[in-house]
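Numbering (the numbering used here), first residue to last: -4 to 206.
Note that beta-carbon positions come from the ideal geometry of N, C-alpha and C, so glycine has one too.
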């Protein structure tokens, strides 16, 4: 995977969406910014921050990923790969369904995913050193670049969804103490049932994690 580092950008995610559609880059590709001024978070929220935190987006063709992975699983898949890397460095990070990184009870980052034709775009933001009010920060010291290269290398290994899901299924119990957003509604995850594809059944409705 080609990795490009830039000083400053409005949004790594929107940059990749535009570049893929305009065919100015080819997959697999990753862009990492020192500073992101207008990053995109879940449900249209902004995810921005200062130098030292992680702002990365990447695109990868579906055929370069394991054959047991589908659209409903992709946000969890990318999030868990990064979480497992952080744990190897000694972090106590866990993933709240479907795409948020937490330390204890505080959110420290998240993942968003978009699909364009047969390519997935994933974007990961993590508070490595600084944080906004009411958010958390990573519980270990690790360089941004180390995480970027480790993530790209792990992604290229094509870990099976079944392998990733077996670890997430255990962590999902922590998510039951929180809410998720389904459309404009805030729904408790206390009674949610996790499906094998990473979706959840809640109030007799299947909710998917691609966002």
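Residue i vs residue j beta-carbon contact at 9 Å
i           : j           : result
residue 145 : residue 67  : no
residue 27  : residue 58  : no
residue 91  : residue 102 : yes
residue 201 : residue 190 : yes
residue 154 : residue 80  : no
residue 122 : residue 137 : no
residue 63  : residue 156 : yes
residue 3   : residue 48  : no
residue 165 : residue 12  : no
residue 52  : residue 141 : no
residue 171 : residue 150 : no
residue 199 : residue 182 : no
Per-residue DSSP class, three states only, for residue i
i           : result
residue 39  : Any reading at residue 39 must be qualified, since the residue scores a pLDDT of 47, below 50, and its modelled position is unreliable; no value is offered.
residue 64  : coil
residue 138 : coil
residue 90  : strand
residue 7   : helix
residue 185 : coil
residue 20  : coil
residue 54  : strand
residue 194 : coil
Unbroken alpha helix (DSSP H) run spanning residue i, endpoints
i          : result
residue 72 : 69 to 83
Bounding residues of the beta strand (DSSP E) (the contiguous stretch that carries residue i)
i           : result
residue 190 : Looking at the DSSP string, residue 190 is not in any beta strand (DSSP E), and its letter there is neither H nor E.
residue 201 : 200 to 202
Same chain only: Cβ atoms within 6 Å of residue i, ignoring 5 sequence neighbours per side
i          : result
residue 22 : 54, 55, 56 and 114
residue 20 : 14
Other residues of its chain near residue i: CB distance less than 8 Å, five sequence neighbours each side excluded
i          : result
residue 16 : 111
residue 10 : 4, 26 and 52
Same chain only: Cβ atoms within 7 Å of residue i, ignoring 5 sequence neighbours per side
i           : result
residue 134 : 86, 87 and 98
residue 163 : 71, 75 and 90
residue 109 : 12 and 116
residue 82  : 88
Ignoring anything shorter than 4 residues or poking outside the segment 98 to 161, list the alpha helix (DSSP H) runs there in chain order.
139 to 151
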